[in-house]
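K.L.:
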Amino acid sequence: MAHEPYTVSKMLDSINESMQGVGGKVQLKRDVGNGIALDTSEKEIAYLDTQSKIKSSAERAAQLTPEGKAAWIAAHREKGNELFRAGAFAEASDAYLQALAGLDFGADKHTVQVTIQNPITCNVVACMLKLEQWGKAAQMCNLVLQSEPTNMKALRQRAKAFMLLERFSEARADLTTATEHAGSESERLELQRQCAAIDRSELVSKHQRSSQRQFEKNMMKRVGSLYDDKKTVAVARPTPPASTLQRVWHYMCQLFLWCAQKRKAA
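To convert, note that position 9 of the sequence shown is 0 in the numbering used here; the numbers rise steadily by one, no gaps.
(1) Within a Cβ cutoff of 6 Å, which residues of the same chain sit near Met143, ignoring the five residues on either side of it in sequence?
(2) Helix, strand or coil, according to DSSP, for Asp95 in the structure here?
(3) For the segment 44 to 63 against the segment 74 to 82, are there 3 or more C-beta pairs whose distance is under 8 Å?
(4) Whole-angstrom Cβ separation of Val105 and Glu139, contact assumed at under 8 Å?
(5) Just verifying my parser: in three-state terms, what is the DSSP assignment at Ser0?
(6) If we count Cβ pairs, one from each stretch, closer than 8 Å, do we get three or more for the segment 169 to 181 versus the segment 205 to 216?
(7) Ile111 and Tyr87 - do their beta-carbons sit closer together than 8 Å?
(8) Using only CA atoms, which one of Ala53, Thr141 and Leu91 lies nearest to Lys70?
(9) Output the distance between the C-alpha atoms of Met2 and Gln203, rounded to the nearest integer angstrom.
(10) Taking only the alpha-carbon atoms, compute the straight-line gap between Tyr(-3) and Asp95 and give it to the nearest angstrom.
(11) If you measure between the beta carbons of Thr141 and His101, is that distance less than 8 Å?
(12) Starting from Gly174, trace the alpha helix (DSSP H) both ways and give me its first and last residue.
(13) Output the boundary residues of the alpha helix (DSSP H) element that contains Ala152.
(14) Tell me whether Glu123 sits in a helix, a strand or coil according to DSSP, three-state version.
(15) Can you tell me whether Gln137 is buried or exposed? The criterion is at least 16 other CB atoms within 10 Å of its CB, across all chains shown.
(16) Specify the secondary structure class of Arg76 as computed by DSSP and reduced to three states.
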């Protein structure tokens, strides 16, 4: 396994290292249209790095003999396994993808897919599940199931990804297919446990949605009551103080007395 490919991260590190003492730091921007450029996130840079590694790996693997390609795949696959066991899931995923870059399908493409490509792809899926990239994990499982519709590992992994995406019906459908092709009683028991986990997850999800709806409903009531209070305050006339009422009453009494005197005089 020769030199590492020149990635976006390495390019930025090299530029910033050369500018030490000058001040400032170079950041990669991405054009989002209308003359607006935003900073590129770490995840986006990591994705660009992965693309660079895969491209470099494919170019180097293409120059190898069939035996050399087999050795390439085995070496990167083992590197991925070691990184996965160490908990370095993003790096493990990169190693597995580099292993896939060395595939040589030859005359029997389906055999290579079933024996090499699909198992390594499932390893990539395992990394994505650990990295909480549920959507990407489901898409990678689709690639496996296109060539091997009853791949037990891919069905179970996609079911887990669907569960975490709260696509519970699709998750159960995958487990139903897996159960139909289970080769042993222990596999069926594992599938039953996974199905029970989906049931629990759906109950939790429903409870959370119900709580959220109730919270929003209560908030709307509170906002409505505050609005009604404001209207009431705005319409209600202030009660005059007692001294004011006494003055008005005294004035009315004087008025009635004056009117009575005028009638007597008449």
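Ideal placement from N, C-alpha and C gives every residue a C-beta, glycine not left out.
P.N.:
Once the coordinates are examined:
(1) Leaving aside the five residues that flank Met143 on each side, the residues in its chain whose CB is nearer than 6 Å to its CB run, in chain order, Ala169.
(2) The answer is coil: DSSP assigns Asp95 none of H, G, I, E or B.
(3) Touching, no, given that fewer than three Cβ pairs across the two stretches are closer than 8 Å.
(4) That pair is a contact at about 6 Å.
(5) In this prediction, Ser0 has a pLDDT of 48, which is less than 50 and means its spatial position is unreliable; what the coordinates show is noted afterwards. Ser0: helix per DSSP, three-state reduction.
(6) Judged by Cβ distances under 8 Å, the segment 169 to 181 makes no contact with the segment 205 to 216, as fewer than three pairs qualify.
(7) Cβ distance < 8 Å, so Tyr87 and Ile111 count as in contact.
(8) Taking only the C-alpha atoms, the option nearest Lys70 is Leu91.
(9) At Met2, the pLDDT of 49 sits below 50, so the modelled position is not reliable; the number obtained from the coordinates is stated separately. Distance between the alpha carbons of Met2 and Gln203 is about 46 Å.
(10) For Tyr(-3), the predicted model reports a pLDDT of 47, less than 50, meaning its position is unreliable; a value from the coordinates is still stated below. Each residue's alpha carbon lies about 24 Å from the other.
(11) Here Thr141 is not near His101, since their CB atoms are 8 Å or more apart.
(12) Secondary structure note for Gly174: it is in no alpha helix (DSSP H), with a DSSP letter that is neither H nor E.
(13) Per DSSP, Ala152 belongs to the alpha helix (DSSP H) from Met143 to Leu155.
(14) Glu123: coil per DSSP, three-state reduction.
(15) Label assigned to Gln137: exposed.
(16) When secondary structure is reduced to three states using DSSP, Arg76 falls in the helix class.
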